[in-house]
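In what follows, a single structure is set out as structure tokens and then discussed.
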Amino acid sequence: MTHETTEITLMPRGRPGAQRLWAYLALSTVSLINLISFMPKFPKPHELAWGDAVNYYRMSEQTGAAVENPFALRMLSPWIVHRGNLLTGLSLDVLWVAFTFVVTLATILVFFEFLRSYLKLQLFTSVLAAVALACTFWYAPYAFSNPWLVDPLNNLLYLLAIWFILKRKLIPFAIVIVLGAINKETTLLLAPLYPLIAWTRGRSFRDRDVLGGIGVFVVVVGIYIGYRLWAQNLIGGDYGFGAGQSNSGLLDNIRFALNASKGTGQVELFSTFHFFWLIFGYGLYQQYRRHGLRAELLIASVWLFACCLAGRLVATDTARVFVMMAPLILALTAVVLDQQRGEGRRLWVGALFFLYVAVNLRFVGGAAVFWVDAVALLIFAALVSFPKTPNWPRAKIFNGFQPHQGTLEVGDVKSS
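Note that numbering that gives the first Met the number 0 has the sequence shown beginning at 0, numbered continuously upward.
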């Protein structure tokens, strides 16, 4: 009798609705633990605020506060907190922390749905990738430690914009870009991505999606220019587009930004996502091999990376600039790791996500971070180099003593 061995893949139990509920609870728990761990100490934590957070807090105290450029025109998040204060009477500190937590958690849940519903990844991979996003230091924990920023809302709007581009939802995309531009002008950099990806699908400028995307781009830019004029009239100042603090010119702002972090730019860039950068690069390579230059995730990633490079020209925080790529980097990483099926390989995939979380939450530090990245890359290289474990015939594997079959005659024993 022969035995056939088959790879057993355990499917998650329960209905899809129940699976999502448990996933949401798990992601909410992770986010809540991170909030408790990184949240500033009360009372009056805003007295310890630093950097641009000081300006945003002042804007939440008074809509149209004359703070420094370019912060003064990023009104949406401070206005929401200000309105919350008028409606509830809660302190601005409480509202900023609550707003940051709710928006960040919403981003994590939307990212999970993006992986699960759009990319059709396994529940196991989708949950782990969403946990990794929730633990990416500059994406969530840093926001909890400095909750007076406009970045959390922009992170949510970036993710929604990318999803709407891939789903060809033009009107929702336009709404998201307008809201994002009012919250932070860098969202405008995503506006040309819709017609660009639409053109790669049909390679025709007469395509309906291409023309619609170009039209939305023109309308959005016009709305933003009108908003800037209105906001400057409200504030009572003259804020130059692209200018930096003290309303210095664009060239002065670029020189100031490029003089920051001399000699450490590469380290800061790599430490934003650590070894996930290389898995992300491998994912881009796979997308190119399968779909060529029409791969939508490839185009979106290259465009967003170029936007981050442009943003770095006028900003000093390398990690805070490039962390806007987090949804795409972790999504492509999840696509690559989702190909590792089977319970044994899931353990190694889980180990990779654990190592990523460990370096982001500062479980390890100093020189140990380098060794963690090196070990993670070795694990990934082994998974890719040996894509499938050979199925050895079960008869060749020792499974212990087999029970005796048949009869044993006493006479036979004596004769032997």
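Glycine included, C-beta positions come from ideal geometry on N, C-alpha and C. Note that this is a predicted model, so its numbers are computed, not measured.
In the assembly as shown, residue 179 is a buried residue. Its beta-carbon has 16 or more other beta-carbons within 10 Å. Here DSSP, grouped into helix, strand and coil, assigns residue 61 to coil.
Three or more Cβ pairs closer than 8 Å define a contact, and the stretch 144-151 falls short of that threshold against the stretch 363-380. Taking residue 136 as the centre and dropping the five residues before and after it, the same chain places the C-beta of 359 closer than 6 Å to its C-beta, in chain order. The Cβ-Cβ distance between residue 297 and residue 277 does not fall below 8 Å. Taken through DSSP and simplified to helix, strand or coil, residue 300 comes out as helix. Distance between residue 294 and residue 84, taken at the CA atoms: about 45 Å.
Using a Cβ distance threshold of 8 Å, residue 158 and residue 102 do not count as a contacting pair. With a cutoff of 8 Å on beta-carbon distance, residue 175 and residue 163 are scored as near each other. Note that the C-beta distance between residue 317 and residue 264 is below 8 Å. Rounded to whole angstroms, the gap between the alpha carbons of residue 219 and residue 153 is 16 Å. Counting only the Cα atoms, residue 133 lies some 10 Å from residue 31.
Per DSSP, residue 357 is one residue of the alpha helix (DSSP H) stretching across 342-359. Around the beta-carbon of residue 383, fewer than 16 other beta-carbon atoms lie within 10 Å, marking it exposed.
Using a 10 angstroms sphere on the CB of residue 14, the tally of other CB atoms stays under 16, which defines it as exposed. Residue 286 counts as buried, since at least 16 other C-beta atoms from the protein chains shown sit within 10 angstroms of its C-beta.
Within a 10 Å sphere around the beta-carbon of residue 337 sit 16 or more other beta-carbons, which makes this residue buried.
Around the beta carbon of residue 119, fewer than 16 other beta carbons lie within 10 angstroms, which makes this residue exposed. Taken atom to atom, the span from the alpha-carbon of residue 24 to that of residue 222 is near 39 Å. Exposed is the label assigned to residue 203, since fewer than 16 other Cβ atoms lie within 10 Å of its Cβ. In this structure, DSSP gives residue 315 a state outside helix and strand, which the three-state scheme calls coil. Leaving aside the five residues that flank residue 183 on each side, the residues in its chain whose CB is nearer than 7 Å to its CB run, in chain order, 73, 149, 153. If you look at residue 373, you'll find it in the alpha helix (DSSP H) that goes 367-384.
Short of 8 Å from the beta carbon of residue 124, and not among the five residues preceding or following it, lie these beta carbons of its own chain, in chain order: 114, 333, 336, 337, 348. Only exposed fits residue 385, as fewer than 16 other CB atoms lie within 10 angstroms of its CB. In the three-state reduction of the DSSP assignment, residue 203 falls in the coil class, being assigned neither a helical nor a strand state.
DSSP places residue 147 in the coil class of the three-state scheme, outside both helix and strand. For residue 338, the secondary structure class from DSSP, reduced to helix, strand or coil, is coil.
A direct Cα-Cα distance of roughly 25 Å separates residue 306 from residue 230. No Cβ-Cβ contact shorter than 8 Å links residue 193 with residue 217.
Shown here for residue 51: same chain residues with a beta carbon closer than 6 Å to its own, the five before and five after excluded, namely 70 in chain order.
Rounded to the nearest angstrom, the gap between the Cα atoms of residue 59 and residue 78 is 6 Å. Counting only the Cα atoms, residue 75 lies some 23 Å from residue 43. Just so you know, the alpha carbons of residue 209 and residue 354 end up roughly 42 Å apart. Distance from residue 63 to residue 187 at the Cβ level is roughly 21 Å; contact not present, criterion being Cβ atoms closer than 8 Å.
Between residue 155 and residue 106, the beta carbon gap of about 4 Å places them in contact (Cβ cut-off 8 Å).
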